[in-house]
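Visitor: Residue numbers (the working numbering), protein chains in the order written: chain A, 1 to 317; chain Y, 318 to 634.
1. Is the beta carbon of residue 474(Y) within less than 7 Å of some heavy atom of the ligand SAM?
2. By a C-beta neighbour count over all protein chains shown, 10 Å radius and 16 as the cutoff for buried, is residue 543(Y) buried or exposed?
3. Can you pull the DSSP bridge partners for residue 427(Y)?
4. Where do the N-terminal and C-terminal ends of the beta strand (DSSP E) with residue 256(A) fall, by residue?
5. Just to make sure I have the definition right: I need the residues of chain Y whose C-beta is within less than 7 Å of the C-beta of residue 308(A). Which are they?
6. From 160(A), 122(A), 120(A) and 98(A), pick the residue whose C-alpha is nearest to that of residue 59(A); which is it?
7. Please classify residue 477(Y): does DSSP put it in a helix, a strand, or coil?
8. For residue 635(Y), is the classification buried or exposed, using 16 other Cβ atoms within 10 angstroms of its Cβ as the cut-off for buried?
9. DSSP three-state label for residue 317(A), please.
10. Run through chain Y and tell me which residues come within less than 7 Å of residue 85(A), C-beta to C-beta.
11. Find the nearest neighbour of residue 370(Y) within the set 416(Y), 589(Y), 580(Y) and 388(Y), judged by alpha-carbon distance.
12. Which residue marks the beginning of the beta strand (DSSP E) containing residue 26(A), and which one marks its end?
13. Does any residue of chain A bring its CB to less than 8 Å from the CB of residue 527(Y)?
14. Confirm, please, whether the CB-CB distance from residue 39(A) to residue 22(A) is below 8 Å.
15. What is the DSSP secondary structure of residue 207(A), reduced to helix, strand or coil?
16. Taking DSSP's pairing of strands, which residues face residue 583(Y) in a bridge?
17. My guess is that residue 116(A) and residue 126(A) are in contact by the Cβ rule of under 8 Å, so how many angstroms apart are they, rounded?
18. I need the straight-line Cα distance from residue 70(A) to residue 552(Y), nearest angstrom please.
19. Label residue 331(Y) either buried or exposed according to how many other C-beta atoms from any shown protein chain fall within 10 Å of its C-beta, with 16 as the threshold for buried.
20. Does the stretch 187 to 198 of chain A come close enough to the stretch 130 to 144 of chain A to have 3 or more Cβ pairs within less than 8 Å?
21. With a 10 Å radius around its C-beta and 16 neighbouring C-beta atoms as the bar for buried, classify residue 201(A) as buried or exposed.
22. Shorter than 8 Å from the beta carbon of residue 81(A) to some beta carbon of chain Y?
23. Give a yes or no on whether 8 Å exceeds the smallest Cβ distance from residue 88(A) to chain Y.
24. For residue 439(Y), count neighbouring Cβ atoms within 10 angstroms of its own Cβ and tell me buried if that reaches 16, exposed if not.
25. Mind checking residue 93(A): buried by the 16 CB within 10 Å criterion, or exposed?
26. Do residue 84(A) and residue 555(Y) have their CB atoms nearer than 8 Å?
27. State yes or no: is the C-beta of residue 255(A) within less than 8 Å of the C-beta of residue 266(A)?
28. Between which two residues does the beta strand (DSSP E) harbouring residue 54(A) extend?
29. Could you tell me whether the Cβ of residue 524(Y) comes closer than 8 Å to any Cβ of chain A?
30. Tell me, which residues are paired with residue 98(A) by DSSP?
31. Please look up how many angstroms separate the CB atoms of residue 640(Y) and residue 594(Y), rounded, as I've assumed it's under 8 Å.
32. Tell me the rounded alpha-carbon separation between residue 307(A) and residue 224(A).
33. Can you grab the Cα-Cα spacing for the pair residue 523(Y) / residue 510(Y), in whole Å?
34. Counting only C-beta atoms, is residue 634(Y) closer than 8 Å to chain A at any point?
35. Of all the options 44(A), 129(A) and 291(A), which has the alpha carbon lying nearest to the alpha carbon of residue 9(A)?
Structure (structure tokens):
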């Protein structure tokens, strides 16, 4: 959990009691911030401690690394889920023609945008992608969904759990469903909110699916790239500890995109802590659910192998 | 979609116009009923037509067949999803300790019960399974979840989308979220309802995940058994058409459970139409989320290969 100033003293005491001199923290931006604050507290206390972080987040929003382990596997799940839900909705026809998939991603649209990987034609899902980097317009959303529904008899939208309208997080018009001990409030999900909106406007049933933590934990969907790199990064972190590095995070540096070659490097925790790597403009999806070839080239090796063949095996009537 | 009496005349007219003499219908109990009614209408009209159905439903509730293609793949997904969500909730600790997974299954608990496949110890998910065959008790549910939460710091429940309390479908106290053109009403899901209940009673955050149609369409989770059998059943249906069978459904007959041997047979549509194969008593989960070894033996070959190894690779502190 997030460290508070009062946590530091017992934490240092525990490290000292066991004579722990190397601390590896695995996680995202918050974990980098945690690593930095522990390192600073140890220095102030004149306790020799090496803090070496490892990147791990399905959000893929850590700066100074090409990508973070965890992302490839979650992206593999979401890309297949979107394609599959599309074919399912197409087959179900009027009984269940529209579906919204709510995807994780706190601040960035890396994961939601991966849903476009298998989209080759206008007919394929997704027909709209909502990401936190772009102010969400209910009108644009409805136009995309209605167009797809009228043209193909079904429509699929993918939205990040934290998409924002001009007024704030979507669905926050209602009171929170739960408030935790820290005072953090949890609100109705945007998937639920948008599903109601579609049913009211179009008068057809709109499902919404929320794979939740399934998208980051399904054993069948582990990316082979993720699995190999996570292991390799762990080995590198140990090497870095042996060569007396401190206050750093292990990073992945892509050197060749076509053949996917990479090396492992490091960055200072203070250059990473609390920062967010947003989805760059040229990777963002358009309003019909397409993303760019450059994003697909970036994503492809991270998905691992095998990649499924989605060419149609027969022509639809 | 469901056939209405008025659909029969245009349907027969279309069959005649194209001189179609064999009709294959792929689906569940409703599809068997459809096949039967088309066959009867053709006979009444003295139009020679062979109707040969093929079983296909993730609900696995077709009578007179050992199982139905589709079930193994969805069961593969749900078994892994439950195990993974359990390990995820365990790792998240107090931030997100309880999770409810809402699983498909209209009348039967075959799919929800598959969630117990990887459970080996009391600690492993799931800690409760709710199925349509058993009247749902909020008290039993809360006791199971609270016990797991107190003992292990986290808890996972799996519930069928159509679990029923003594008063009717769970969550039906509220008005329907949508009513379609046929007058079918769609209600708030039991996962949402139970999640609210847990948060109110235990004062901790309770997620609920709804994989929805993802559970029946994720390419990575296709069971190898399903894929092979679906193809084989298709070939058999053609053979049956050639040998002039009529008003039948192709079935799978398991001859040896230990080695998983089966043969392909057939049943009369009138013995299948509209009937439901409920989960038998000796396959039902107990109140701690375990099911019987006999169910696991039944399920194992349907999940296909490979089966993941879930033995812990290190001891928890």
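We treat Cβ as the ideally placed atom computed from N, Cα and C, and that holds for glycine.
Guide: The structure says:
1. As far as ligands go, the structure on display features none, and thus does not contain the ligand SAM.
2. buried
3. Residue 427(Y) pairs with nothing; no bridge assigned.
4. 248 to 256
5. 536
6. 160(A)
7. strand
8. With chain Y represented from 318 up to 634, any question about residue 635(Y) goes unanswered, as that position is not in the structure.
9. Confidence is the limiting factor: at residue 317(A) the pLDDT is only 47, short of 50, which leaves the residue's position unreliable, though a coordinate-based value still follows. Residue state, collapsed to three classes: coil.
10. 530, 531 and 534
11. 589(Y)
12. 22 to 27
13. yes
14. no
15. strand
16. 567(Y)
17. 6 Å
18. 41 Å
19. exposed
20. yes
21. exposed
22. yes
23. yes
24. exposed
25. exposed
26. no
27. no
28. 50 to 55
29. yes
30. 155(A) and 206(A)
31. Lying outside 318 to 634, the shown extent of chain Y, residue 640(Y) is not represented and no answer is given.
32. 11 Å
33. 11 Å
34. In this prediction, residue 634(Y) has a pLDDT of 47, which is less than 50 and means its spatial position is unreliable; what the coordinates show is noted afterwards. Not closer than 8 Å to any Cβ of chain A, the Cβ of residue 634(Y) fails to qualify, so no.
35. 44(A)
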